[in-house]
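J.: Got a structure for you, written out below as structure tokens; questions coming shortly.
In the numbering used here, the protein residues as written are 54 to 680.
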């Protein structure tokens with residue numbers, strides 16, 4: 054009981070620290086870190102209930118949401134799993150928000166949108182219009198991160214009437230400010246100023262919450278600064294930048310403000326102040342470890358060095374930005390220009406020529422991408438309208454169900470549950486026996502095959518090579534035998550990797566993914582050894598899915614993600630290939646084999662794919678701690 058009371062007290066403090074702006078921003082982060090450490094220490098307390106674990110995971114996610122995205126990605130799934138267990142719909146929805154936004158910042162926008170759609174579905178089930186609007190707003194923000202500006206505008210316009218009707222000035226100011234920024238990026242200055250004026254008016258009406266006011270008004274004032282800076286009205290831009298710095302706000306606003314101040318002083322030829330603010334902006338970007346902020350601040354510094362004829366440093370900063378992230382077309386063009394100019398002044402003609410070609414490629418790609426993005430926005434808008442109709446139909450169906458005969462429905466449900474549970478239990482027992490038999494047979498056969506390859510064929514080929522290399526005229530044959538030996542070694546590792554037996558799933562999957570130039574492995578959680586059958590199951594599932602992607606999808610990038618915690622293991626394989634129709638592949642032998650393997654662990658498989666948009670397959674396994 055003492056632990057639980059102490060936990061409640063900590064969460065009260067957490068809420069005050071997160072929502073208030075009574076401390077300086079740096080001190081607030083230190084206080085949050087101390088609070089997070091306290092919560093993590095509570096996880097080690099004996100006799101901690103799962104309900105208390107839920108509150109701790111939820112609190113950690115909330116603390117880290119504003120500045121430690123990797124920690125959010127780690128703790129949010131744990132909170133979601135326990136929230137589902139206790140049917141805490143609102144906590145589950147809130148953690149989907151945090152998780153989705155964190156993935157959006159990490160450029161995993163498709164997964165982010167999927168999580169936010171789950172949050173929106175829960176809001177509809179709860180008949181909570183405010184929560185539904187929040188989910189739509191966050192989804193729009195993720196579309197901004199993905200460069201789909203027109204789609205983001207459509208989402209924002211959906212929530213404006215609701216915010217106005219409820220008098221939610223904080224949400225209203227945020228949406229209007231984001232609309233202004235979108236129109237500025239689309240070079241529609243008139244609409245940008247219109248929405249920004251409306252945002253400022255809404256923000257000034259929301260003075261009751263100091264934290265929200267600082268965030269919204271800081272964002273709005275920074276946007277005014279950007280607009281006047283783009284117009285060349287430096288005095289006006291500096292006026293709004295100073296007002297923003299006086300308000301303070303989040304790390305993002307603070308970083309953006311200092312970068313804008315550096316731009317203003319750069320255009321005013323006050324290089325000393327420009328350099329000072331640029332370096333302070335980089336310090337703020339390092340707090341969040343966000344690529345977008347890091348690239349923008351590095352480019353400000355590169356521009357300053359270029360203007361002050363420090364060409365070597367200008368090149369270095371532009372290269373750091375380029376190596377960090379060159380996927381954004383606007384930033385990539387600026388990087389390429391700086392690299393070309395710096396190398397021209399440094400008389401590095403080869404480098405200058407190289408980056409000039411890169412600049413030309415970016416311009417061509419920008420034109421093609423602009424067209425594709427417009428088409429993609431139209432497609433997303435069409436799909437969104439279909440989902441809106443489905444949600445509307447769902448609401449009407451819910452009203453009809455509630456007005457029906459509850460007693461009759463309850464009896465039918467009870468009968469159905471009893472019968473279906475009986476069928477499920479029988480089916481699960483059969484699947485468990487079949488899955489164990491398949492795994493035992495595969496393990497035995499794969500070990501035998503790996504041993505034969507390594508000890509038999511490989512030994513004979515090595516002996517043949519030793520004899521053949523004594524003659525120079527047989528060098529070509531020797532090279533061919535080298536390739537043959539290496540191929541057999543790879544086959545042996547693929548059939549029964551030694552890393553799987555010695556070190557477990559993480560090491561084995563890392564080794565396997567390294568065999569492909571376009572397959573990237575990501576791991577989250579605690580790297581603990583599991584039962585041998587479970588590790589074999591996860592490895593073979595990953596092997597099957599990666600093999601399918603490399604053979605059939607034509608993907609440029611394949612991401613393999615493994616998330617491991619005490620209660621479950623999640624394996625996700627996502628690619629940007631040709632995709633497929635979900636219905637046409639669900640009965641394929643590959644996925645059927647995977648379903649048979651994971652049945653022993655109460656596993657589930659979720660397939661998300663469509664033609665031309667890649668695919669994502671997620672497998673969830675329940676952990677049985679018995680070896």
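Every residue, glycine too, gets a C-beta built ideally from N, C-alpha and C.
1. Taking the beta strand (DSSP E) that residue 673 belongs to, which residues open and close that run?
2. Tell me which residue opens and which closes the alpha helix (DSSP H) that residue 309 is part of.
3. If we ignore side chains and look at the alpha-carbon of each, how far apart do residue 585 and residue 474 end up?
4. Between residue 269 and residue 230, how many whole angstroms is the CB-CB distance? I'm expecting something under 8 Å.
5. Of the choices 141, 153 and 138, whose alpha-carbon is the least far from that of residue 124?
6. Relative to the alpha-carbon of residue 312, which residue among 148, 219, 303 and 349 has its alpha-carbon at the smallest distance?
7. What are the start and end residues of each continuous beta strand (DSSP E) run of 3 or more residues lying completely inside the stretch 557-616, in chain order?
8. In whole angstroms, what separates the C-alpha of residue 683 from that of residue 330?
9. Where does residue 625 fall in DSSP's three states?
10. Can you give, in chain order, each stretch of the alpha helix (DSSP H) that sits fully within the stretch 318-365 and has at least 4 residues?
11. Within 10 Å of its beta-carbon, does residue 233 have 16 or more other beta-carbons around it, so buried, or fewer, so exposed?
12. Looking only at C-alpha atoms, which of 660, 575 and 116 sits nearest to residue 88?
13. By the 10 Å Cβ neighbour count, where 16 or more other Cβ atoms means buried, how is residue 223 classified, buried or exposed?
14. Tell me which residue opens and which closes the beta strand (DSSP E) that residue 657 is part of.
15. With 16 other CB atoms within 10 Å as the buried threshold, where does residue 567 fall?
16. For a test of the three-state rule: what should DSSP assign to residue 631, helix, strand or coil?
17. With distance defined between alpha-carbon atoms, name the residue in 676, 272, 411 and 252 nearest to residue 655.
18. Among the candidates 173, 119, 127 and 120, whose CA atom is the shortest distance from the CA of residue 142?
19. Have a look at residue 71 and residue 108 and give me their C-alpha separation to the nearest angstrom.
20. Return helix, strand or coil for residue 99, following the three-state DSSP convention.
21. Relative to the C-alpha of residue 661, which candidate in 358, 169, 647 and 633 has its C-alpha closest?
22. Would residue 403 be called buried (16 or more neighbouring beta carbons within 10 Å of its own) or exposed?
23. According to DSSP, simplified to helix, strand and coil, what is residue 110?
24. So residue 187 is in the alpha helix (DSSP H); what residue range does that whole segment cover?
25. Suppose you measure from the CA of residue 425 to the CA of residue 200; what does that come to, to the nearest Å?
26. Taking all protein chains shown into account, decide if residue 237 is buried (16 or more other Cβ within 10 angstroms of its Cβ) or exposed.
27. Using DSSP with H/G/I as helix, E/B as strand and the rest coil, what is residue 74?
28. Out of 558, 393, 646 and 185, which one is the CA nearest neighbour of residue 613?
29. Is it the case that the stretch 287-295 contacts the stretch 237-247, given that we only count it when at least three CB pairs across the two stretches are under 8 Å?
30. Assign residue 96 to buried or exposed, taking buried as 16 or more other Cβ atoms, counted over all protein chains shown, within 10 Å of its Cβ.
31. Starting from the C-beta of residue 217, find all residues in its chain whose C-beta is less than 7 Å away, skip the five residues before and the five after it, and write them out in chain order.
32. By how many angstroms is the C-alpha of residue 560 removed from the C-alpha of residue 235?
33. Out of 156, 182 and 220, point me to the one whose CA is closest to residue 685's CA.
34. Decide if residue 204 is buried, meaning its Cβ has at least 16 other Cβ atoms within 10 Å, or exposed.
35. In the structure shown, what three-state DSSP assignment does residue 407 receive?
36. Assuming residue 606 and residue 630 make a contact with CB atoms under 8 Å, what is their CB distance in whole Å?
T.: Looking at the atomic coordinates:
1. 668-675
2. 304-320
3. Those two C-alpha atoms are separated by around 29 Å.
4. 7 Å
5. 153
6. 349
7. As far as the stretch 557-616 is concerned, its whole beta strand (DSSP E) runs of at least 3 residues are 572-578.
8. Missing from the structure shown is residue 683; the chain here goes from 54 to 680 and no further.
9. strand
10. 324-341 and 344-360
11. Classification of residue 233: buried, given that the 10 Å Cβ count is 16 or more.
12. Ranking 660, 575 and 116 by Cα distance to residue 88 puts 116 first.
13. Classification for residue 223: buried.
14. Counting along the chain, the beta strand (DSSP E) containing residue 657 begins and ends at 657-662.
15. exposed
16. coil
17. 676
18. 173
19. Confidence in residue 71 is poor, its pLDDT being 38 and thus under 50, which makes the residue's placement too unreliable to answer from.
20. In the structure shown, residue 99 sits in coil (DSSP, three-state: anything other than H, G, I, E or B).
21. 633
22. exposed
23. Residue 110 falls in the helix class under three-state DSSP.
24. 182-198
25. Low local confidence applies: a pLDDT of 47 at residue 425 is under 50, so the model's placement there is unreliable, with the coordinate-based value given in what follows. Annotation: residue 425 to residue 200 spans about 11 Å, alpha carbon to alpha carbon.
26. Buried, because 16 or more other Cβ atoms sit within 10 Å of the Cβ of residue 237.
27. Unreliable positioning characterises residue 74 in this predicted model, as indicated by a pLDDT of 38, which lies under 50. The coordinate reading is nonetheless provided below. Note: residue 74 maps to coil in three-state DSSP.
28. 558
29. no
30. exposed
31. 225
32. 43 Å
33. Nothing can be reported for residue 685: it is not among the residues displayed for the chain, which extend from 54 to 680.
34. buried
35. helix
36. 3 Å
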